[in-house]
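Worksheet for the structure shown next.
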Amino acid sequence: MTAALSPVTAPVPIPPPRPGNHWTHACLLLALTGLIATYWATVAAIAELWWHSQTFAHGLLVSPVCVWLVWRQRAGLAACPRHPSLFMLLPLAMLGALWFLATVANVPVLQQYCLVLMIVATVVLVQGRRYARAIAFPLAYLVLAVPFGEVFIPPLIEFTAAFTVAALQLVGIPVFQDNNVLSLPSGSWSVVEACSGLRYLIASVALGTLYAHLSYRSRFRQAAFVAVALVLPIVANGLRAFLIVLIGHHSNMTLAVGIDHLIYGWLFFGMVSALMFWVGARWRDDVMPAPAKASALPATPPQAVHPAALIRATLAGMAIAAVWPPLAYLALRAPPMEQEQQAQLSLAPPPAPWQASELSASDWLIPHAGEPLRWSANYSNGDHQVALQLTWYRHQSKDKEILTQVWKTPPSASPHWKQLADTTRQIDLARRRVTVRQTIVQAGDVKLLVWRWYRTAGRDTASPLLVKLLLARSKLLGKDDDGAEIALVARYDEQPAQAAIPMQRLLSDMLPAIDQGLAHVAGH
195 MTAALSPVTA PVPIPPPRPG NHWTHACLLL ALTGLIATYW ATVAAIAELW WHSQTFAHGL
255 LVSPVCVWLV WRQRAGLAAC PRHPSLFMLL PLAMLGALWF LATVANVPVL QQYCLVLMIV
315 ATVVLVQGRR YARAIAFPLA YLVLAVPFGE VFIPPLIEFT AAFTVAALQL VGIPVFQDNN
375 VLSLPSGSWS VVEACSGLRY LIASVALGTL YAHLSYRSRF RQAAFVAVAL VLPIVANGLR
435 AFLIVLIGHH SNMTLAVGID HLIYGWLFFG MVSALMFWVG ARWRDDVMPA PAKASALPAT
495 PPQAVHPAAL IRATLAGMAI AAVWPPLAYL ALRAPPMEQE QQAQLSLAPP PAPWQASELS
555 ASDWLIPHAG EPLRWSANYS NGDHQVALQL TWYRHQSKDK EILTQVWKTP PSASPHWKQL
615 ADTTRQIDLA RRRVTVRQTI VQAGDVKLLV WRWYRTAGRD TASPLLVKLL LARSKLLGKD
675 DDGAEIALVA RYDEQPAQAA IPMQRLLSDM LPAIDQGLAH VAGH
């Protein structure tokens, strides 16, 4: 494959470095090293995800590939004019400010994208626009190093489940779908995160984009191949899930249900990828552009930039990039310890006919990081039971906020809960409308309907994005950064509406007590 991508040509002499190039190399190295050192916490967070997540392990290879892509162009780049582009100081400052806001709001993926784009801006700043244009693809490919994509897991799971059900019905196998649980006469299957195919999709896009760049000169062919690399793994993952269920069904649940399930998935993905590259190779451009020959280079290269200009641009870029981490530290510094004893979070007794009781050990409880104040109880009106859970933080910080949950492996005797569908819903009460996140949680045959929303900066919202923005505003303005999550949970048998009716009744009866309890603990 390598020989096909890089045809053998006569050796091309690499021109000697132009005068002053060593200054641009030294300044670029200094600027990038300073940038990485300044934002080391963000770099370490990216590397940790590369190393510990199988989904994002491809990131370990992205940076070396980008360096190799630049190195293979060294013949043409040796004669490329390099002049600092001081205009890039403005985008560099804007990216630094955006990183600062993302840090205050604790949005790691936005921090990581800002850092990668700051690296790109630094290259343009020191080397100039013409040089950066010559290595545009390696700079753009570096964006794939950011561990991103978990937001696509729910729709990928839904597609995989729907594809599997349709394929099973097509071959005449009866199947009943309950959210993401598929029930067949031979047994039940659950489409979980590992079945979403996200890791296959990310790997396919990363490899497909690189292959398209190396194999095609036509922009249309490049875009077409990347589109195939994007769509094919999604469809192939649905086919993979269908074949696994089919094998398990016909083997009476003895094959493709354990470790061979994972092995089969990777083998299938490897076959699909190999087929994609084999078909794509039939339309590759056989005549690739030859590197620039020494004789084709200008006889009198443009005058090299003065070292003083390079140094000024480099120091200016480093100074702008170095402003934001100290500001983030000041904004996020811990408030002084409060001397007074915090009030306990509690609610007034419920109105009749509701009766409150403690949660049992088998009840589903939303786990949160840190040490927030908690309050929970089961409410029964004789016909239905609804759980109410409150979680409140006096101060929110990294890994200690209402959006941060801790998913631990449950004890063997405890139910293994899985979160399935997640949507937004509006609940109309007597004097108020509440927007909640509606989630289905299931463990075996037990299905729960969960409503939850957040209260921060005096506002109720079901949007995690708005929670982040309100939290960032509170920290920047020095206001209270407390926050609460309110959740209602009820069991149902067939339809979620069975649980929604008593949940709405309890919320209508207990909302005044919820408001009073949270206001009391916040004002204590």
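Using the numbering used here, read the sequence shown as starting at 195 and increasing by one per residue.
Note that beta-carbon positions come from the ideal geometry of N, C-alpha and C, so glycine has one too.
Owing to the predicted nature of the structure, the values given are computational and were not obtained by experimental measurement.
- As DSSP reads the structure, Val683 sits in a beta bridge with Ala581, Val644.
- According to the DSSP assignment, Arg627 belongs to the beta strand (DSSP E) that extends over 627-637.
- The region 351-362 makes contact with the region 379-388, as at least three CB pairs between them are under 8 Å.
- Residue environment for Arg625: exposed (fewer than 16 other C-beta atoms within 10 angstroms of its C-beta).
- Taking the Cα of Met465 as reference, the smallest distance to any Cα among Tyr394, Thr403, Arg699, Tyr335 is reached at Tyr394.
- Taking a C-beta distance under 8 Å as the contact criterion, Trp234 and Pro501 do not qualify as a contact pair.
- Excluding five sequence positions before and after Asp593, the CB atoms of its chain that fall closer than 6 Å to its own CB belong to Ala563, given in chain order.
- One thing to note: Thr633 has its Cβ no nearer than 8 Å to the Cβ of Gly511.
- Across the set Ile505, Ala273, Phe357, the C-alpha of Phe357 shows the shortest separation from the C-alpha of Leu440.
- Bounds of any alpha helix (DSSP H) do not take in Ile329, whose DSSP letter is neither H nor E.
- Collapsing the DSSP output to three states places Ala624 in coil.
- The Cβ atoms of Leu597 and Val661 lie closer than 8 Å to each other.
- Between Leu526 and Lys669 a beta carbon distance of about 7 Å is seen, short of the 8 Å cut, so the two are scored as contacting.
- Under the three-state reduction of DSSP, Gln710 is assigned to helix.
- The beta carbons of Ala291 and Leu304 sit about 12 Å from each other, so the pair does not count as a contact at 8 Å.
- Taking C-alpha positions only, Leu280 is separated from Leu504 by approximately 10 Å.
- In summary, Asn431 is buried, with 16 or more beta-carbon neighbours lying within 10 Å of its beta-carbon over all protein chains present.
- The continuous beta strand (DSSP E) containing Trp569 extends over residues 567-574.
- In this structure, the alpha-carbon of Met282 lies about 18 Å from that of Val337.
- Taking all protein chains shown into account, Gln248 has fewer than 16 neighbouring C-beta atoms within 10 Å of its C-beta and is therefore exposed.
- In terms of CA proximity to Gly442, Pro379 leads the group Pro379, Val310, Ala421.
- Membership of Thr655 in the beta strand (DSSP E) is indicated by the continuous run 653-655.
- Rounded to the nearest angstrom, the gap between the Cα atoms of Gln613 and Lys641 is 10 Å.
- Comparing alpha-carbon positions, the option among Tyr686, Ala241, Phe414, Met470 lying closest to Val422 turns out to be Met470.
- Judged by pairs of C-beta atoms under 8 Å, the region 686-700 touches the region 575-586, as three or more such pairs exist.
- For Asp593, the three-state secondary structure derived from DSSP is coil.
- The residues Ala522, Ala525, Leu526, Ala666, Lys669, Leu670, in chain order, have a CB closer than 7 Å to that of Val298 in the same chain once the five nearest residues on each side in sequence are set aside.
- If one requires a minimum length of 4 residues, the alpha helix (DSSP H) runs lying completely within the region 284-367 are 302-321, 323-328, 330-335, 347-364, in chain order.
- Here Leu424 carries a helix assignment [DSSP, helix/strand/coil].
- Membership of Gly511 in the alpha helix (DSSP H) is indicated by the continuous run 501-516.
- If you look at Ser377, you'll find it isn't in any alpha helix (DSSP H); it sits in the beta strand (DSSP E) that goes 375-378.
- Taken through DSSP and simplified to helix, strand or coil, Asp557 comes out as coil.
- The count of Cβ pairs closer than 8 Å, one atom from the region 396-413 and one from the region 358-365, stays below three, leaving the stretches out of contact.
- Residue pairing of Arg619 in beta bridges, as defined by DSSP: Val630.
- Residue pairing of Ala550 in beta bridges, as defined by DSSP: Tyr573.
- Counted as a single uninterrupted DSSP element, the stretch harbouring Ser409 is not any beta strand (DSSP E) but the alpha helix (DSSP H) occupying residues 392-409.
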